[in-house]
Structures are given as C-alpha cells and as structure tokens.
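**Q** Pasting in a structure now, in structure tokens, and then I'll have a few things to ask.
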Amino acid sequence: MQERKPFHTTTSAEFRDLAETARAAGRLPELIEAISERLERYRAALQSHQLARDFQSIQETKKLITNLENKLRIAAQLQAIEPPAEDEPLL
Numbered sequence: 004m005q006e007r008k009p010f011h012t013t014t015s016a017e018f019r020d021l022a023e024t025a026r027a028a029g030r031l032p033e034l035i036e037a038i039s040e041r042l043e044r045y046r047a048a049l050q051s052h053q054l055a056r057d058f059q060s061i062q063e064t065k066k067l068i069t070n071l072e073n074k075l076r077i078a079a080q081l082q083a084i085e086p087p088a089e090d091e092p093l094l
C-alpha cells in the first residue's frame, strides 16, 4: 500500500487524483475546508513575515499560498462536476 502524502506537498496531478478520490467518497467538501484553513494560516504567516521584513520567508510563503490556491481551484472545479447517478452509464 502506498503511503499518502499530505495534500499540500502533492503535485497538481497527484492532487487531482486525491481530490477525485475524495469526491467519489463524498469527502470533497472536507478537503476544500482543510485547504481553506491552511491557506488562511499561510496568509496570516505572510503578514507576520512582511512585518518582520523576512524576505526569504515571504517568498516561500507566497509560493505555498499560490500552490494552495491552485489546489483549491482544482477541488472547486471537481466539486462543480456532478457525479453520474448510479443507474447511468459512465460513458
């Protein structure tokens, strides 16, 4: 069994697979909430880094924020797609 990486360390393709699995299990809203919470923490950290003028941390935090925003966008796109009803063919 392959060990799962935390969502914030996955590539976009890995995250899309994770999000699709979460959607199939009915847990996509939980995943979106977790991403949103982490994003809020990084945004708060960014403000602290800016006040301290810690430029390296600012750059790293901005990259993390962009990464999470992209993942949130992917998850939101998947959430907008309705799964087929059980009696409908997949193709």
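Each residue of the sequence shown is one higher than the one before, starting from 4 at the first, in the numbering used here. For every residue, glycine included, the Cβ atom is placed at its ideal position computed from N, Cα and C.
(1) Would you kindly work out how many angstroms separate the C-alpha atoms of Thr-24 and His-52, rounded to a whole number?
(2) In chain order, what are the residue ranges of uninterrupted beta strand (DSSP E) at least 3 long that sit wholly in the segment 40 to 69?
(3) For Gln-82, collect the residues of the same chain with a Cβ closer than 8 angstroms to its Cβ; drop the 5 residues on either side in sequence, then sort them by chain order.
(4) At the level of alpha carbons, what is the spacing between Lys-66 and Ala-16?
**A** If we stick to the structure as given:
(1) In the sequence shown, residue 24 corresponds to position 21, counting from 1. In the sequence shown, residue 52 corresponds to position 49, counting from 1. Spanning the two alpha carbons is a distance of roughly 35 angstroms.
(2) none
(3) For the purposes of this step, residue 82 is taken as residue 79 along the sequence shown, with counting starting at 1. Closer than 8 angstroms at the Cβ level, and outside the excluded window around Gln-82, lie Arg-26, Leu-31, Pro-32, Ile-35.
(4) Translated into positions along the sequence shown, residue 66 becomes position 63. Translated into positions along the sequence shown, residue 16 becomes position 13. About 18 angstroms.
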